[in-house]
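Undergrad:
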Amino acid sequence: MAEIIDGKALAEDVVAKVKTETVRLTETGVTPGLAVVIVGEDPASQVYVASKSRRAKECGFHSVQHSLPEETGEEELVALVEELNADPAIHGILVQLPLPKHIDEGRIIQTIDPDKDVDGFHFINVGRLGTGELDSAFVPCTPAGAMLMLERVRGRDLSGLSAVVIGRSNIVGKPMANLLLAANATVTIAHSRTKDLPALARTADILVAAVGRPEMIRGDWVKPGATVIDVGINRIPAPEKGEGKTRLVGDVAFAEAKENAGAITPVPGGVGPMTIAMLMANTLTSAFRKAG
Ligand code: GUN
Numbered sequence: 001m002a003e004i005i006d007g008k009a010l011a012e013d014v015v016a017k018v019k020t021e022t023v024r025l026t027e028t029g030v031t032p033g034l035a036v037v038i039v040g041e042d043p044a045s046q047v048y049v050a051s052k053s054r055r056a057k058e059c060g061f062h063s064v065q066h067s068l069p070e071e072t073g074e075e076e077l078v079a080l081v082e083e084l085n086a087d088p089a090i091h092g093i094l095v096q097l098p099l100p101k102h103i104d105e106g107r108i109i110q111t112i113d114p115d116k117d118v119d120g121f122h123f124i125n126v127g128r129l130g131t132g133e134l135d136s137a138f139v140p141c142t143p144a145g146a147m148l149m150l151e152r153v154r155g156r157d158l159s160g161l162s163a164v165v166i167g168r169s170n171i172v173g174k175p176m177a178n179l180l181l182a183a184n185a186t187v188t189i190a191h192s193r194t195k196d197l198p199a200l201a202r203t204a205d206i207l208v209a210a211v212g213r214p215e216m217i218r219g220d221w222v223k224p225g226a227t228v229i230d231v232g233i234n235r236i237p238a239p240e241k242g243e244g245k246t247r248l249v250g251d252v253a254f255a256e257a258k259e260n261a262g263a264i265t266p267v268p269g270g271v272g273p274m275t276i277a278m279l280m281a282n283t284l285t286s287a288f289r290k291a292g
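Under our numbering, the sequence shown has 70 at position 70, and the numbering climbs by one with no breaks.
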């Protein structure tokens, strides 16, 4: 039976460290500042943004939230980002995605000062990560959190291990593959056009699922002893809990996969809590860099 990697507990460890370091930095006259920007009324995004702002306050940060209406224009949003770029009290800027369709997401991301881009989405940070400049890069929060969980069971050096990342998004799949490569794993990125995905998955010592399809990865796709990192968060109907009820599941069929895996992350309580914790860590890092 697999070891269950507790993301909630690990996220609390990360946040506890951030709090301690924030006290130290604040004593020198610098308080880490995080600005979170949300446009529109998407309920899931509202929940995420509220917990980011709450966590930031709990860490002792200067935390500001800009909630803009759905009909906000692109120029208006660019102007807000530029204002935050110029604000010395702000060390991290996060614009919650997705943005409404009439706004060019790429343009907004590239407007963020790369040295305040705590999401790690700006080309400069993507380039730093891709070239292995990890000391100066901001690494996207979800893959950074996933790596920390992996480190708990496999250590920092993944030499000789094969990793398969299912999913090629800019937010998770691609940066995850780069982080695994930087840790010396032999990495394959799989996606919807990959032939015989189950067979490929079965070759993985480290299997990362980031596809956004509920329980797509079955137990018999998991090599015995493999470490399984489930990045998916999917809400599905749960009639057994009552009419209209739902529950959260990952991209991995957990009950099956844990029979084969050596270690596995659960959903909920796995990678999810790590994402916000890493955002706090990135914001603190940014403030320390600024403080010199
Ligand atoms: N939407 C879903 N995940 C993320 C994230 O990590 N950052 C931002 N900015 N938006 C998101």
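Cβ coordinates follow ideal geometry from the N, Cα and C atoms, glycine included.
Quick check on Thr285: buried or exposed, where buried means 16 or more other Cβ atoms within 10 Å of its Cβ?
TA: Along the sequence shown, read from residue 1 onward, the residue named residue 285 stands at position 285. Classification for Thr285: buried.
Undergrad: How many Å lie between Ala9 and Glu151 at the Cα?
TA: Position 9 of the sequence shown, counting from 1, holds the residue named residue 9. Position 151 of the sequence shown, counting from 1, holds the residue named residue 151. If I take the Cα positions, the gap works out to 15 Å.
Undergrad: Using C-beta distances below 7 Å, list every residue in its chain close to Arg235, excluding the 5 sequence neighbours before and after it, in chain order.
TA: By 1-based counting over the sequence shown, the position of residue 235 is 235. Closer than 7 Å at the Cβ level, and outside the excluded window around Arg235, lie Thr246 and Leu248.
Undergrad: Tell whether a beta-carbon distance below 8 Å holds between Leu179 and Met149.
TA: One-based indexing of the sequence shown puts residue 179 at position 179. One-based indexing of the sequence shown puts residue 149 at position 149. Not closer than 8 Å, so no.
Undergrad: Helix or strand or just coil, what does DSSP make of Met251?
TA: For the purposes of this step, residue 251 is identified with residue 251 of the sequence shown, where counting begins at 1. Per the sequence presented here, residue 251 reads as Asp, with Met not at that position. In this structure, Asp251 counts as coil in the three-state DSSP scheme.
Undergrad: Would you kindly report the start and end of the unbroken alpha helix (DSSP H) that includes Ile108?
TA: For the purposes of this step, residue 108 is taken as the residue at position 108 of the sequence shown. Its alpha helix (DSSP H) spans residues Glu105 to Thr111.
Undergrad: Looking only at C-alpha atoms, which of Pro237, Asp157, Asn170 and Ala86 sits nearest to Gly127?
TA: The count along the sequence shown starts at 1 and reaches residue 127 at position 127. Of the candidates Pro237, Asp157, Asn170 and Ala86, the one whose C-alpha sits nearest the C-alpha of Gly127 is Asn170.
Undergrad: Indicate, with yes or no, if ligand 1 has a heavy atom lying under 7 Å from the CB of Gln110.
TA: Here residue 110 refers to the residue found at position 110 of the sequence shown. No, the Cβ of Gln110 stays beyond 7 Å of every heavy atom of ligand 1.
Undergrad: Pick from Trp221, Pro268, Ser159 and Ile233: whose alpha carbon is nearest that of Asp251?
TA: Residue 251 sits at position 251 when you count from the first residue of the sequence shown. Of the candidates Trp221, Pro268, Ser159 and Ile233, the one whose C-alpha sits nearest the C-alpha of Asp251 is Ile233.
Undergrad: Mind checking whether Lys116 and Gly92 have CB atoms under 8 Å apart?
TA: If you number the sequence shown from 1, residue 116 lands on position 116. If you number the sequence shown from 1, residue 92 lands on position 92. Closer than 8 Å, so yes.
Undergrad: What is the rounded straight-line gap between the Cα of Val39 and the Cα of Lys258?
TA: The residue given as residue 39 occupies position 39 in the sequence shown. The residue given as residue 258 occupies position 258 in the sequence shown. Approximately 39 Å, taken between the alpha carbons.
Undergrad: Could you check where the alpha helix (DSSP H) with Ile38 kicks off and where it finishes?
TA: In the sequence shown, counting from the first residue as 1, residue 38 sits at position 38. Unbroken run through Ile38 is the beta strand (DSSP E), Gly33 to Val39; no alpha helix (DSSP H).
Undergrad: Once you ignore the five residues that flank Val37 on each side, which residues in its own chain have a CB closer than 6 Å to its CB?
TA: Taking the first residue of the sequence shown as 1, we reach residue 37 at position 37. Closer than 6 Å at Cβ, skipping near neighbours: His66 and Val95.
Undergrad: Spatial neighbours of Ala11 within its chain, please: C-beta separation below 8 Å, excluding the five flanking residues on both sides.
TA: Here the question's residue 11 lines up with position 11 in the sequence shown. Answer for Ala11: Gly145, Pro273, Met274, Ile276 and Ala277, listed in chain order.
Undergrad: State the CB to CB distance for the pair Ala210 and Val164, rounded to an integer number of angstroms; the pair is presumed to be in contact (CB under 8 Å).
TA: Translated into positions along the sequence shown, residue 210 becomes position 210. Translated into positions along the sequence shown, residue 164 becomes position 164. At roughly 11 Å, the Cβ-Cβ gap does not stay under 8 Å, so Ala210 and Val164 are not in contact.
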